[in-house]
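Residue numbers (UniProt numbering): 1 to 204.
Structure below.
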């Protein structure tokens, strides 16, 4: 479920980082040889990366309270994050993209090259999540732009995503980036009411 990187509380026990100049995010995919391989049977994520990803999700407990993706949004465990990513990677055409600034993980985007519905021709953004301590600094907008540019490079003409009906901040974020609501329906996994958004990817 795509998330708007807007204002949100910090995770408990995490210190707010000192302000520093913003750097363009460096984005890596699971196909990038510099990025650790995806979770597969017998090949778990490296512990340092899993710790970073767990902290990223934990900082967004307000979002996960809305989604219900984790049993306790205030106590997200590494094994839960590893399992969730393993399920994502098991879907054909899935890319997990990591954004870093000054070497620190700032966000994650999960994309799907093809929707399970053969009548849907567009790729999807399944998740875009930014460290809650960095909300409001433009990281989410830059990550979304990089994801769109990847699809343009692959000659895709549009992209879709879904936003939960109970997340108006996310809807405001994506519509500000040019996405338009084209449908309303339940998501496939948990039958949650959602708005489906689409954006035409014109040449840059």
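The beta-carbon is built from N, C-alpha and C at its ideal position, and this holds for glycine as well.
All values reported here derive from a predicted model rather than from experimental measurement.
Inset, instruction - Spatial neighbours of residue 93 within its chain, please: CB distance less than 7 Å, with the 5 preceding and 5 following residues excluded, ordered by chain position. - result: Translated into positions along the chain shown, residue 93 becomes position 93. Spatial neighbours of residue 93 in its own chain (CB-CB distance under 7 Å, excluding positions within 5 residues in sequence) are listed in chain order as 112, 113, 114.
Inset, instruction - For the region 80–95 and the region 53–65, state whether three or more C-beta atom pairs, one from each stretch, are separated by less than 8 Å. - result: Yes: at least three Cβ pairs fall under 8 Å.
Legend entry - Close beta carbons around residue 188, own chain, < 8 Å, minus the five adjacent residues each side: Working through the chain shown from its first residue, we reach residue 188 at position 188. Excluding its 5 nearest sequence neighbours in each direction, residue 188 has C-beta neighbours in its own chain below 8 Å: 116, listed in chain order.
Legend entry - alpha helix (DSSP H) segments (min. 4 residues) lying fully within the UniProt domain "N-acetyltransferase" (61–204): Listed in chain order, the complete alpha helix (DSSP H) runs (minimum 4 residues) inside the UniProt domain "N-acetyltransferase" (61–204) are 61–67, 78–89, 139–153, 168–176.
Inset, instruction - Measure how close the beta-carbons of residue 192 and residue 122 come, nearest whole angstrom, since I'm counting them as under 8 Å. - result: Walking along the chain shown from the start, residue 192 turns up at place 192. Walking along the chain shown from the start, residue 122 turns up at place 122. About 20 Å separates the two Cβ atoms, so there is no contact after all.
Inset, instruction - Would you check if the distance between the CB atom of residue 140 and the CB atom of residue 178 is smaller than 8 Å? - result: Taking the first residue of the chain shown as position 1, residue 140 is located at position 140. Taking the first residue of the chain shown as position 1, residue 178 is located at position 178. No. Outside cutoff.
Inset, instruction - Check each candidate in 156, 61, 74, 129 and name the one with the smallest Cα separation from residue 173. - result: By one-based count along the chain shown, residue 173 stands at place 173. Of the candidates 156, 61, 74, 129, the one whose C-alpha sits nearest the C-alpha of residue 173 is 129.
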